[in-house]
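Report on the structure given below.
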Amino acid sequence: MNRIYFLLLGLLAAGAVLAQPANDDCGSAIRLPMTLSYCSGPEAFTTVDATPSLQPEGYPICIDERDQIKDVWFSFVAQRNSVAIQVIGNESGNRRGSLTAPQFALFEGDCSNPNGVACRSTFVAGNNTPNSGSLIYNQLQRGATYYILVGARADRSGTFELCTEQFDAPPSPSGDCETAVVLCDTSSFAVDFLQGRGNRNDDLLSGNVACQGPPGESNSAWYKWTCDQPGTLTFDITPLGSAFNEDIDFVLYELTDGLENCGRREVLRQMFSGENGGDPNSSIPCFGPTGLGNRESDVTENCGCSPGDNNYVRFIDMEAGKSYALVIMNFTGSGDGFEIDFGGTGTFLGPEPNLTYSTTEACVGEAVTFLDRSTSVDGIESWDWDFGPTATPRFASGAGPHDIIFSEAGSPAVTLAITSSRNCIEYLTMSEVEVVCCEDQFSGQAAISNVTCAGAMDGAIDFTGSSSVPGATLAYAWSTGATTPSISNLDVGEYSVTLTDGSGCEAVYTYLVEGSAAFVFDTLITRPDCAGGTNGALEFTILSGGAAPYEYSFNGGPFSSDNRISNLAVSTVAVRARDAEGCEVAQDIFVDELQLELLAGASTFSEPICNGEASGRITIELANGRAPFRYDFGDGFQPQNERGGFAAGSYPVSAVDQDGCTADFEITLTEPPVLTADLQVDSISCFGEADGAILAFAEGGRPGYTYAWQDGVQGNFREQTDAGTYTLELTDSVGCTITESVTLTNPEEIVATIIDRENLNCFGDSTGTFTLTAAGGTPEYTFSADGTDYQSDPQLTDLLAGSYTLYVRDRNGCQDSLAGALTQPEEFIVQAGPGARLFLGEDTTLRVTSNYFPVTYSWGPDSVQCLTPDCSRVRVMPLRSEDIFVTGVNETGCVDTAFVAFTIIEDLRSFLPNAISPNGDGNNDNFTIFGNRAMANVEQLRIYNRWGGLVYEAPEPFPANESSLGWDGTINGEPVNSGIYVYYIEVSYINGRREGYRGDVAVIR
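Here is the structure:
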């Protein structure tokens, strides 16, 4: 089965789990993806630090050590009628985690009252404890949620892999061909157990298989089918047993007389490979998954596990209308079942599900009619419909028609499952009906109560909504935030409500609450005279709002159209006004006596000239009252209305007219900002330089500044300055002045020093170094041996012998230099003498000398032979014209190489006798070749008689120039007759060259 592997983010591997797992109880179960085939991957989940989640009586009967179990939970939604569940931990040969002795269970219902429907526990027996297991449950209800609990025996915990496979289980397998389960499509399925061989012992027809005896049927399951569309067929059979040596065998047949006749079967493929005796590792390729593969060439694998066996044989090409049978057997005898996945391009004959629908687009709450249009060669026994969780009704049976109402917008998935008379189940799922929101889905009406009087906040909307979706629950969302059907305590304005029914659709209704506008009024006060006058008046006028005409009441008097009251002394007047609808507004208005007031727009003061001075003035100009006036600036009343000598601050001033009307004023004087000078300095770069600069920034006072330096320089910027103190006098436009000073200092003089040097070890090398240090200036420093290339490392390296000017430069570019020198030793020289001319095979000696002692010598090429312990004298025998070289290394590691050129003369002279007398006297008994020292071996020697027949051939190469070797004048140990014989001889020389020679030789007896 083609499983989908998911990486579950947020789950920790075993080594990293430090806290209780998130899925420690049913309510927090991890929901598995909505896929038929799922595997988490190795070590994806853990039970480390988990706790028992149920009371002991709540666990299924097969779960042991219930008070110690550490369990975790998972959930999935059933999409088929069967599920296969595998938990794999620290299984030998198939390690997927650290968990040992797992036990697990399947529950239906909900977490408040889970009901165990299947479970699997392991049998603990010493070191033979299984560390994985599987279970199959064949009674799932499609659409229901199920829960998986995973734990282990006793208090074990660890990581594990979880796999689930949902499928529609065919009928329970049969152990006989005649009653085999008929497959109608290539859907995957699983079988929990394989036991027995049925009611009869079917002949496997496998007499041609190489086993210790004819293979027999055992622990078998038979399946049959008829090909619909021709094409290839492959399949993978995966054992459900967790042991690494699970051995599944199978035989595939063609039923030549049709599906119902198993009597005539033709073997197409056979799989009997398995365990060898002896070394168990040699059997590993023949355990585990098996089947038909696309890349295989063999059609049979025999018993045992031969080299090249891999548990797979070649696929078959199915033909339309032909029938086939497959028997699957668990040779291991464990009883564990298998999963099977089919592949290839061919198909099995079975029912074809199809359906129709009355419309492709329907409103929420509108009925859609569905009708079956499936076909099947063997008749359809039942129809099972699932219209999804938003449908009413959700489930139905029979061919239809079925009228379905959907309660949510979207494209609901509608599934039809048909079951044929051969118990074949086929599914069709479609999502081609679009459920949409329509205008008439909702209706809404409202009774509106308007606001009675402006500001009364007594408006209300009584809303009634409805939906065409049966059983819908309505929800209300008002623009005010209210969620009830009706709202109250409203002001005049527009209000909207959004009506929803859980379908994903909504309708918005907007209503206007009306009412009188708020009153807008104006007040005109005439103040009474000072000192108890009663000639004041108040006029109160409603300009707009409410409903005209308006009436007024003053100080509790009767309402009338008169909006004015006169003859008022200083007092508070209670005013009430009402409109034609009886809506009122009330105001308490204070009428005060006449107060002297400042003339609007007239300036009351002038600032001090400079910040901090007492040169400000206050001037009082009155807008009302009767002259003459008197003014008190803090020292008694007087007729003058202005006074000088004020610093910034607040001052009380009083005034009185001829009638005794008074006023008290608080006059606040401001002043110009403080005059400041900010002197910014660009420091002197290097000791003794005059490249400093000063820039003055003025603020405050009265703009229009003058900059005068104590040494006579004018302006706010000065440059090319040396060390010293500089004073600025800053004057603003009204003559206010300040002075500021700044001091420029010389940086410390930079001084460079050589703290280490390394002279050259060898003549001409560039291995000298200086190490410098610096003080003063502005760190950080850089260093150079030539004044051009600077580096941050104070060690200057790779220098030749000689005199140097060395440099140190600081961050500002200031530098210092000093002299330094590096020395070198006498040149190391190696001499090996002049070249020479030699004949090939000739050797000579060479002697090397040097002006140093001791010296270690090495020669090349490798054929050089040392004649003295220090290799100062060597023997050489060059095989070709080349340079012999010697490299000397003295005590300080200095190296020199000398070359000696050799010219090699190839003198390849040879001698071949023209007769031999093989009589055993030791003279001229054998035929061979002779030459000088350049000749090495005879590579080939062949002797032919005068008719061209091969008389002798040397069995292997042999040395030349050896009279005892070669042809001894015999054939297979018997002497040849005297006569003339033809030879071919090929020789090799010490330089690798080969030469061949042909000729005659006489044998003389």
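Sequence positions in the sequence shown follow mature numbering (1 follows the signal peptide of the UniProt record, and there is no 0) and run -19 to -1, 1 to 986. Every residue, glycine too, gets a C-beta built ideally from N, C-alpha and C.
Next on the checklist: Quick check for students: name the residue ranges of the alpha helix (DSSP H) that lie wholly in the stretch 381 to 446, counting only runs of 4 or more.
Outcome noted: none
Checklist entry - Curious, which full-length beta strand (DSSP E) runs of at least 3 residues does the stretch 485 to 518 contain? => result 487 to 494 and 501 to 507
Checklist entry - From what residue to what residue does the beta strand (DSSP E) around A133 run? => result Taken as a continuous stretch (DSSP letters only), the beta strand (DSSP E) holding A133 covers T126 to A133.
Next on the checklist: What does the Cβ neighbour count give for F423, buried or exposed, with the cut at 16 atoms within 10 Å?
Outcome noted: buried
Checklist entry - Does DSSP put E38 in a helix, a strand or coil? => result helix
Checklist entry - Between S747 and the rest of its own chain, which residues show a CB-CB distance below 7 Å, the 5 nearest in sequence each way excluded? => result D779, L780 and L781
Next on the checklist: Using C-beta distances below 7 Å, list every residue in its chain close to T763, excluding the 5 sequence neighbours before and after it, in chain order.
Outcome noted: The answer, listed in chain order, is Y771, Q772, S773 and R790.
Checklist entry - Under the three-state reduction of DSSP, which class applies to I961: helix, strand or coil? => result strand
Item to check | Beta-carbon proximity of residue 1051 to Q147, cut-off 7 Å | outcome: Outside the displayed span of the chain (-19 to 986) sits residue 1051, for which this structure offers no information.
Item to check | Cβ neighbours of C344 in the same chain (closer than 7 Å, five flanking residues each side left out) | outcome: V417, C419 and Q422
Checklist entry - Looking at S21 and T126, is the spacing between their C-beta atoms short of 7 Å? => result no
Checklist entry - If you run the structure through DSSP and keep just helix, strand and coil, what is G(-10)? => result Residue placement at G(-10) is poorly supported in this model, since its pLDDT is 35, which falls under 50; the coordinates still yield a value, given next. Coil at G(-10), not helix or strand.
Checklist entry - Taking the alpha carbon of E347 as the point to measure from, which residue in S287, R295, G381 and E415 has its own alpha carbon closest? => result E415
Item to check | Nonlocal neighbours in the same chain, by C-beta distance under 8 Å from D136, ignoring five residues either side | outcome: Excluding positions up to five away in sequence, the list reads E46, Q49, I50 and K51.
Item to check | Selection from S430, P894, A679 and P334 that minimises the alpha carbon distance to S401 | outcome: Ranking the options by Cα distance to S401, first place goes to P334.
Item to check | Span of the beta strand (DSSP E), counted from its first residue to its last, around E565 | outcome: E565 -> beta strand (DSSP E) spans E565 to V572.
Checklist entry - Apart from the five residues just before and just after residue 1026, which ones in its own chain have a Cβ nearer than 7 Å to its Cβ? => result The displayed coordinates of the chain run from -19 to 986. Any statement about residue 1026 would go beyond what the structure contains.
Item to check | Beta-carbon proximity of N75 to F225, cut-off 7 Å | outcome: Taking 7 Å as the Cβ cut-off, N75 and F225 qualify as a contacting pair.
Item to check | 7 Å Cβ cutoff met for residue 988 and L821 | outcome: A query on residue 988 cannot be resolved here, the shown segment of the chain reaching from -19 to 986 and no further.
Checklist entry - I think G980 touches L893, with their Cβ atoms under 8 Å apart; what is that distance to the nearest whole Å? => result 6 Å
Item to check | Inter-residue spacing [alpha-carbon to alpha-carbon] between L175 and A150 | outcome: For L175 and A150, the distance between alpha carbons rounds to 15 Å.
Checklist entry - Under three-state DSSP, which class holds E89? => result Three-state DSSP puts E89 in a strand.
Checklist entry - Whose C-alpha, out of E721, S113 and A679, is nearest the C-alpha of D713? => result A679
Checklist entry - DSSP on S169, reduced to helix/strand/coil? => result coil
Checklist entry - From D298, L249 and I218, pick the residue whose C-alpha is nearest to that of F319; which is it? => result I218
Checklist entry - Hey, would you say S765 sits closer than 7 Å to Y785, going by beta carbons? => result no
Checklist entry - Are the beta-carbon atoms belonging to I523 and F535 less than 7 Å from one another? => result no
Item to check | Cβ separation of D482 and A453, assumed to be a contact under 8 Å, to the nearest whole Å | outcome: 4 Å
Item to check | Span of the beta strand (DSSP E), counted from its first residue to its last, around Q921 | outcome: M916 to Y925
Item to check | Integer-rounded CB distance, given that C847 should sit under 8 Å from residue 989 | outcome: This structure gives no information on residue 989, because the portion of the chain shown stretches from -19 to 986.
Checklist entry - Should the stretch 190 to 205 be regarded as contacting the stretch 303 to 310, the criterion being three or more beta carbon pairs within less than 8 Å? => result yes
Item to check | Contact between the stretch 422 to 440 and the stretch 560 to 567 (3+ Cβ pairs under 8 Å) | outcome: yes
Checklist entry - Just the Cα atoms here: how many angstroms apart are M(-19) and T16? => result Residue confidence for M(-19) is low, a pLDDT of 45 falling below 50, so the modelled location carries little weight; the figure read from the coordinates is stated next. Computed Cα separation, rounded: 12 Å.
Next on the checklist: By alpha-carbon positions, which one of D238, R250 and N291 ends up nearest to S263?
Outcome noted: N291
Checklist entry - Alpha carbon to alpha carbon, what distance is there between S9 and L185? => result Between L185 and S9, the C-alpha separation is close to 52 Å.
Next on the checklist: Against chain C, does R624 count as a neighbour if the rule is that its beta carbon must be under 7 Å from one of theirs?
Outcome noted: Of the chains in the structure shown, none is chain C; there is only one protein chain.
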